[in-house]
Every structure is written in structure tokens, then in C-alpha cells.
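Notes to accompany the following structure.
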Amino acid sequence: MDFCIKYLKDYKKESILAPLFKMLEAIFELLVPLVVRDMIDVGIAAGDRRYVMRSCLILVVLAVTGLVMAITAQYYAARAAVYAATAMREDMYRHVTSFSPETMESMGTSVMVTRMTSDLLQVQNGINMFLRLFLRSPFIVFGALIMAGVVDKGSTLIFAAVIGGLSLVVYLIMRSTLPIFSDIGKKLEKLLLIVGENIEGVRVIRAFGREADEVEGFNEKTGDMYRTQIRAGHISAWTNPLTYLIVNLGLAVLLWYSYDMVDTGRLSQGDVVALANYMSQILVELLKLANFILLLTRAFASAARIRAVMETEPEKRSFSDDKNVDVSKDVPVLEFKDVTFTYPGENEAAIEEISFSLKAGETLGVVGSTGSGKSTLISLAEHLFDVDKGLVKIKGRDVKSYSDSELSSIVSSVPQHARLFSGTIRSNLTMAKRDAGDDVINMALEASCSLEFVMKKENGIDEKVQRGGTNFSGGQRQRLTIARALMKQPDILMLDDSSSALDLGTERRLLDNLSKLPWHPAVVIISQRASSCRNAAHILVMEDGSMAGYGTHDELMSDSEVYREIYHAQFPEEDET
Amino acid sequence: MRRIIQELKPHGAAIFLTLILAVGVVVSTLLIPVYLGDAVDALVGAHMVDKDALTSAIGKMCAAILTTALCQLLMNYNNNRIVYRVTKKLREDAFYKMTHLPLKKLDTVLKGDYVSRIVNDADSFSDGLLLGFTQAFTGVLTIFCTIVFMLKIHRGIALLVIALTPMSMAVAAFISSRIKKYFLQMATDRSALTDYVDETVSGQRLLVRLDCMEEVTDRFLELNENHKRSAFLATFYSSTVNPSTRFVNSLIYAAVAVAGALLAVSGGITVGAVTSFLGYAREYTKPFNEITGVITEMQNAIVCAGRLFEIIDSPIEKDEGSLPHKPVAGRIEFKNVSFSYDSKKPLMQNVNLDVAPGERVAIVGPTGAGKTTLINLLMRFYDVNEGAILLDGVDIRDMPLSFVRSCYGMVLQDTWLKSGTIKENMLMANPEATDDDIVAAAKRSRAHDFVRRMRRRYDTVIGEEGKRLSFGQRQMLCITRLMLAMPPMLILDEATSSIDTRTEQMIQAAFHKMMEGRTSFVVAHRLSTILDADKILYMENGQILEQGTHRELLKKNGRYAKLYYSQYYS
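Residue numbers (our numbering), protein chains in the order written: chain A, 263 to 839; chain B, 206 to 775.
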């Protein structure tokens, strides 16, 4: 609630004018029964045709003013709602894109997207309806009560009783059904999940012969759903009959009450008609209000979900001002000193006591099993996380002393999953370096062995890239992402298993090109293939988060059991001839 | 349509009851303005009140009120029961069908489409059709009865009201047609915005690393701004419909008032009759405005019904075999098997194969060679078009489906795990496995290494609502699941493709142990894992081109040898 108000503050004028004009519209609506009363009491009773015509004119004028007021109100309400929702979306986008990869994964990107789209839409509708109805409905209801009092003081008691009764009914029904409705929503999601899962897993389910279990599980859920729906439905079923009963019995009481009043001349025939009209206005408005409350609760639920995202703090990382540079000659470009790190929420350290250093122009190969902590090295070198123990140094300075933007011009990494964005080859490459000319682009394409296939495309470097890069093969995508990483001519280039889709010949040429880059970057290559690292100056063997070997290929072949196993997994011994 | 009626037949009596109750609601509701008019006529002025007439009007009114409320309550209860029952039954029927549809059908459907048919369409159908029907019925009846009642009170004014009411519908239709373009623009802007948010949020990590979040955000702001403009226009213009129709109704109200009053002045009708008319004028236009909405809803419901029945009425997998079965030895024979997914594109033709019990068979070949197809046929996910596949000498079509499938343990390319805990997933393979069995199996598949790092270990919830696992980790869990089942034959389709070579070797050792005495089929693209198979099948375009051991095939120096050398020496 206060969360939405924060955004409406910027649209103060709209948020005040919208309900205000709605209220004015309501006033004109409330005047109608009075005009009709006079038409009966003065016009008909006195047989005054001109009076009747004049009353009719007033009714038309009231209708026109009502229309103008209502449209003005709708204008401001739509404006405030849409504009506030837009501002909210902007804040959310900025906030969400600042999340760490861990936070992002734990919340799920598709969830974020839903929050920013359909949930926000719910909130927008909620605000819109709120501005339109929150003054109007109570105003009509209580306005009718007051007008009834103007016509005849005594009747207010009947009106007050009717309003009280109606409010109580609506409140009680809402209170008991709302939690059930949200329960139904959750159950529905569960059903969606089960059906989806059963389609995806059809082969496994049938292979294990579990169809009957799945059907039984599903029927249990639908049975449960049925009972819940019936429970909510049977409560809601009372709304219409009860409200109808209250208002119309109120009308009957009113007529009965009028008997004495009219007979004694305290109330005219027109007065009775006016009172009856006010009664029916109350009913129409209260039912509108009940629907509005339903919509509002949905908007509230959405707002709460949005709020949860906004209140999720991005992982805090520490930065230091210590810009002390180790100026000694030959300082390593990348250095890990006894680094230990545990992912938030995990039991055991992902990497432990890792040390290595790398000078400009040198290559480090990292090999090891799935989950042995290879990719973690990259995350730490990019300062996505703070290390628990030890130190990561980039060009002689603690990695914490760089801003993210500074760091990104020094360190470029190519992730496991080659991701391209929709646009062109050029737009994908210049993402990394905005002002890059064709010479830089060509250099990057050539070094990454991409030029050969890019040149064959109809539009060359301006060839369209579909979303996700689906119009390129896996190997082509990998090469283009490597080209992108080269655009900044980084001092440190890190490849995380990013040549896996290349054939051995292309991979060899690529590695060769990387070692000959004119600015001599340090290169870190993580790979599952022993062949990719074979010629590296240093090879780091990771095993279960720890170092299981560090040296050259020849050294490791003689010293490291783990390395030999990895190597022979690709090159079986029997073929070593 | 006939299909819909058939589905609703068991509820015929209930539906009939609803219709009767609807008549009760409509007639008694419409009587109230009449009685109100009578009452007003009784209350002429001081000392002129007709007490008897008033009492009788109020009495009739109370009776009508009670009838309306009672009928409405009963109708609501009755409708709930019909709607939710029909929904439940449709969902269950569709789900049952889905779990028994031939894969031939299921493999071609879009997952999201089926999910929404079974869950959402069932809702829209029962809701839209039944409630829509009741509403439409009530609406038409209300209009009809109002006209009759009005004509009975006074023909002239009644004709006036009937002539004027189409105006409000015309206004609504006029505005709706005008704002269509704003809605289209909004929809376009919205989907552009959603796509962009989706793409950039899922690529956020990379964008931050590339240091281009600023430009990306600028583009987002631009799209957000576009959407703001069109959303505002669409929202505003659509919200003018209600005030406009309300305005038209007010004009009609004024017209009725003045016509009634003028007639009353000349003594043509009573004040009470004018009051009744005013009541009708207010309510009469409502069903008109509602009916258009109801009709679209009903059309939608019929479309939904069609989509649902398409599933419910599909034939299920053929499962007519019933041969009694002893434990299988594991001999597999393909006799002149021909098969294709699409009759226009022949795939397997006249394939023959003989696998002895306990043999290890490796299947290699380029993408699209028919490796996965072979597995589909073995497990009877698909049936052969011609020829036969024999298991221990018996045609597998003569055996119950569940029996054939229970003979195999498999790990497939797509590593499906259901959402739930790791343990629940493991128990799928073998409901009797103990915790110790699971840990032992996980150790052999190397899955234990990463599971033990998780805080809740085997009780960790995985899947859409839980922990996301890497592809390699999922594969290891699938392998663990297989190791718990211990079936007589094995199928491994690229079972270790996403696991690094070294871990793969360790898992291989466990596999080897399992394969002893079990007929097994292994598809692999890393040839290092299949060098010691008893039989290697080289497939291309659905045909088995070469067959033999690794050494035999190398000696032959054919396609297999070429594939082998290309992987190791470039």
C-alpha cells in the first residue's frame, strides 16, 4: 500500500483530481432523484407541463455534466495509474539488473520477468480502479443516506440499517472467501506444474511404469481443488441473494413507514419515489464496490510480490580504497594467494587454498571434474564474490580496489553458455566497446576464427542475430562470444569451457591466435579437454575444490595421478603410439 | 457441439433445474417495480392513502423478494456444483488421456499448449459455457419479460423505451471500434517490452560484465516510455465506454421521465406507473450490454471445449499384449524392421539385428542417424511399421506395455527429474529403496559428491520451485535413479554427455559392473566410452551400415574408422 503511494506521490495532481471528479460525478447522480421528486410533486400534481419540461432539461444537464466529470476523472486516473506503474517498472528493472548471479538464480529470471510484466499490470489496474472508486463508492452510499435525510429525517434510520447490513454481509463474505481464493490460485499453479512435468517426463514415467501413480496424484489434486472451489463458491453464492434481500426488504419497510408519513402529510408521493431511488442506488454501488475489492486484493498480492523483489538486497561485496600498487617489475597480471571461498548457503567450500600467478602473455590451463571449482575461479577474478580467505590480485592490486567498470575493461571472460543478443553481429561486438571501428571488429573476428564464417554471410558483420543467436551454430556462437570478449583488448582473457563445440583443428588455431595477440594478454583456459590445455605455460589441476597439481604438461604427466587420468580419458593409452 | 451436449448429459437434470430457477428469479425480480408502482399509487397524499392497497402491494413485494433471493441462492449452489464437477471431470479425463497417449502424438505437441488446455481450458469451458448460458438465458428472458410488463402498463412509453435502448449499445460499439487501434498498439509495445526485459534480465550477468548495462537500460527506458504512451491511451479511451453508456441511459431515463410525467399530467397513467417505468428504464439496458460480453465468452468456451475434447477423444497407446512372462534373459532380435515418423520420409528400412543375452551394444553415427529411434522402438515408445522386434523370441507387441518397459533401465539425453526432493526422485525407480541404498547408488554415480554439499542433502527440493542443478548434475541423478532400479536390460542414450571426462570414467566403471550379465544399448558420441563394447553399430539415415567390435571395424577402415580418427587426430 505505502509502496504504491510512494509512486503516486509524483502524480499528486492526477491522484487528487481523479477521485475528486469522480466525487463530483457522484453528486450529480445523487441529485437526479430530487429532480424526479419535484417533477411528480410540482409538475404532475399541479399539471404544470412547462415545469415538467424544465425538470427534463435539468436531467439532461445533470447527465452532460456527469459525463464530463466522469471522463475527466478517468483521464487523470488512467494517467496516474499508467505513469506510476511505468516508474515502478523502471525502478524494478534497475534494481533487478543490479542483482548478483546468485540472487538472480535463487529468484529465477522468469519470475522476475513475470513480476515486471503481469504483476505490474495488476497493480496498474488496481491503482486505476482505486482512484476511480475509492471516493465515489462510499460517497454515493453515504451521500444517498444524507440525501434521504434531506428528504425525510426519519428515513435515515432505515437507510443506516440497510447500509450497515449490506456492509456486514459484503465484509463477512469477503473475509471468508479471500483466503480461499488465494489458496485456489496456488492449487491451480500446482496443477499447471504437474501437467507440464508429466509431458516433459513422459518417457521416464512410462519407463518406470508410474502412469497410474501420476494419475492418482493428479486426481487427488483435482479432488482437493473441487472441494476448495465448492467451499468458496457456496459462500459467494450468498452475496447476491442476501444483498438483494436486505435492500428490497429495506424498501418494503420504507413503504410501510411512508404510510403514516404520507397519510399525515409529512411526506409527499414524490418523496417516496425519491427515497426508493436512493435505496436502489446504494445496492448498485455496493455490488460494484465488492467487485472492486476483489480486484484490489489481487493487485495487493501482486504489489506484495513486487515489493519482495524490490526489498531483496543485491549481495553486498566489499570494495577497498587501497590503491597501493605493487610496482616491482614483472608483477603478475593475475594472482591468487591461498584463496578459499564458500558459496552463500552452501555447506562446504567451493575452492580451498588456491594459489597461482600469471604474467602478461602467459597461458594458464585449468582442468578438473564437473563441480571441482573451476568456474568459481573466474567468478572470483571478476569479483562477483568476496573471497573468504586469501587474496585475489589483478595487476598488483587487490581486486576489491577496482570498480566493476574498471575491472571489466581489464578482465574479459567468456562464459560456458555462449549467449548472443538479438541485433547484428556488429551490435553484439560493439556492446563491449561502443566506439569500436571496423578494424577492431575484424581483428576480434579474425583472432577468434570467426571471420571465416562471418564473411560468408550475406551481410557480413551486419548479419542479423536472432534472439539467443539461434541462427548460428553452437560453434559459431562460441567463436562470436570469444570475439566479443576480445573487443576491449583486455589484459586478462578467461575462457570457461568456451571452445567445447569447436572441432579440434579449429580449437588449435584459436588457441594459437590467442597466444599471438599483439597486446599479450594473460589467458586462462578452463576446459574438459586435456588437449586444450596441453601447451599452456601452467596447468592447474582442480579436484574437489583443491589444487591437485600445478605445473606444465610434462611435469604433471609424471607427477599427478589425477592429471594422467584426465589426459587418458581423452587419449586412451592404447592409442598413444 | 454435439460432443459438448454429450459431456453435459449427466448433468441434464441439474441444468434444467437452473433454468427453472432462472425463470423464477427473472419474473419475481421484474414484479418488484410493478408492486412498487402500486404502493406509490396508494400513497397519493395526506389523508388519501389507500391502506388496503398499500398493504397488499407490500405483501406481494415481500413475497417476490423472498422468491427471488431463494431462487437465486439455490441457482448459485446448483451452478457451483455443475461447473466445478464438469471442470474436475474434464481435467481428470484429459490428464488420464495424456498419460496414455501414444508418444507419436505427445512428441508433436507443444508443452505449454497442452498444459493450458488441461488446466485453463477446462475452467474456461465450464465457466464460460454454463455461466454464460445461464446469464444469456436470464438476459434474454429479462428483456422479453420487461417488454411484456412495460407493454402491459403503457404501450406508448414502452415503445419509446424499446426504440431508444439500442442507442447505448450503438455508443458502446462505436467507442470500442475506435479504440481497437490503441489496444493493438499497446499489445505490440507490451510484447516488445516483455521480450526485451526477458532477454536482458536473463543475460544480465553478461551485460554487467560487458559494462554495457547503461545503454541497455537506456533502451529499456525507451521501450518503457513507448508502452507508457500507448497503455495510457488504451486505458483512458476504454474507460470512456462506461460513462458514455451511462450517459445515454441517463438520457433515456430523462425521456421516460418526461414522457411519463406529461402523460400523468393529462391523466393517461398514474404516478406509480411512471415509477415502475423509471425502474425498468434503469435495469432494462443492462442485459443488452452484458449479452455481447456473454456471447464472446461462450464462443471462447466452445473453442476451449474443442481443444479439450481433441485430447480426451484421442485414441490411447495400443496395449493388447498379454503373454505371461517369466524373467527375461535379454535376447533382442530385429526382424525386417521398417519404421518412419513421417510416412513421406522413410527412415529405417528392413533392419535386422540379433543381440545375445548380456551383450553390450554401442550405437554410433551422425545426428539424425536413427540412434534415438532405435531406443524408441525397443521401449515401444513407438511401434514398428513393418517387421517385428522380438524379446526372448516373442514379439514385444504381444506383451503388455508395462512389462516391456519394466525390462529396461534407461538414462536418456534429456535428464528429466520431477520437482520434489532428490529422495522422491530416487524412489520413483524403486519405491522400496532405503536411504542407505540411495546413498550407495549415489556414490557409484558420483552424485553423492555434490549432494553432500547441499545443506539438506537428499531432502533438497529440486526442480522449478527448488534448487537448480547443472546439466551434468542432473545426469548424475538420473544415473543414480537407474542404479536403484536394477532392471534386466539397460539403455544409455548419451547418458554422460555433460559430465566431464574424468568423472565420466569413474561412472563408466560403475556402469560396467551393472552391465555384466545385462543386455545393454549405449549411444555415445565420445567414442572412448564404448571401445570395449561387444558390438558396435554404425548407423546413418536409419540404416545399420557397419557392425562389429572396435578392432574389427577399425580393420574394415570404413565409416566407423573415419569417425574414430576424426575425433582423435585432426
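Backbone N, C-alpha and C fix where the C-beta goes; we use that ideal spot for every residue, glycine too.
Keep in mind it's a predicted model, so treat the numbers as computed, not measured.
Using a Cβ distance threshold of 9 Å, B:D416 and A:A694 count as a contacting pair. Annotation: B:V533 to B:A593 spans about 18 Å, alpha carbon to alpha carbon. With a 10 Å radius around the Cβ and a threshold of 16 neighbouring Cβ atoms, A:Y433 comes out exposed.
In terms of Cβ geometry, B:A634 and B:A715 do not form a close pair [threshold 9 Å]. For A:T732, none of the residues of chain B pass the 7 Å Cβ criterion, the least Cβ distance being about 12 Å.
Between the alpha carbons of B:I741 and B:T578 lies a gap of roughly 16 Å. The three-state secondary structure of A:N721, taken from DSSP, is coil.
Here the segment 451-461 of chain B makes contact with the segment 363-374 of chain B; the two share three or more CB pairs at distances below 8 Å. The secondary-structure analysis by DSSP pairs B:V542 across a beta bridge with B:V556.
Assigned with DSSP and collapsed to three states, B:Q680 falls in helix. Legend: CB atoms of the segment 319-332 of chain B lying less than 7 Å from CB atoms of chain A belong to residues Y319, V320, I323 and V324. Not flagged as an interface residue toward chain B: A:I744, since no C-beta distance is shorter than 9 Å.
Only Y613, M615, L617, W621, K623, S624 and M633 from the segment 613-633 of chain B bring a Cβ to less than 7 Å from some Cβ of chain A. A Cβ-Cβ separation of about 13 Å leaves B:I237 out of contact with A:N539 under the 8 Å criterion. Cβ contact annotation for A:V358 (same chain, cutoff 6 Å, sequence separation greater than five): M374, in chain order. Under the 9 Å criterion on CB atoms, A:G447 is classed as non-interfacial with respect to chain B. Against B:E427, chain A offers no close residue; the least beta-carbon distance is about 11 Å (beta-carbon pairs closer than 8 Å). With fewer than 16 other beta carbons inside 10 angstroms of its own, A:S580 counts as exposed. Per the DSSP secondary-structure output, B:Q748 pairs in a beta bridge with B:E745.
In the DSSP assignment, B:D547 forms a beta bridge with B:K550.
Contact check for A:L646 against A:S362 passes: the beta carbons are separated by less than 9 Å. Annotation: A:M523 to B:C267 spans about 21 Å, alpha carbon to alpha carbon. In the DSSP assignment, B:I568 falls within the unbroken beta strand (DSSP E) covering R565 to V569.
Counting along the chain, B:Y613 sits inside no alpha helix (DSSP H); it lies in the beta strand (DSSP E) bounded by residues Y613 to V616. With contacts defined as CB atoms closer than 9 Å, A:T348 and B:A478 fail to qualify as a contacting pair.
By the neighbour-count criterion, in which a residue is buried when 16 or more other Cβ atoms sit within 10 angstroms of its Cβ, B:K293 is buried. Within the same chain, no Cβ atom closer than 6 Å to the Cβ of A:R489 is found once the five residues on either side in sequence are excluded.
B:F726 is bridged by DSSP to B:V566 and B:I696.
Secondary structure of A:D660 (DSSP, three-state): strand. The count of Cβ pairs closer than 8 Å, one atom from the segment 323-330 of chain A and one from the segment 483-490 of chain B, stays below three, leaving the stretches out of contact.
Annotation: B:L346 to B:S449 spans about 26 Å, alpha carbon to alpha carbon. Comparing alpha carbon positions, the residue from A:D753, A:P594 and A:S760 closest to A:R741 is A:S760.
Contact between A:Y345 and A:Y273 holds, since their C-beta atoms are separated by about 6 Å, short of 8 Å. Annotation for B:G625: no residue places its beta carbon closer than 6 Å to its own, counting only its chain and skipping 5 residues before and after.
Look at A:L596 here: in three-state DSSP terms it is strand. Taken in chain order, the complete alpha helix (DSSP H) segments of 4 or more residues contained in the segment 483-530 of chain A are 501-525.
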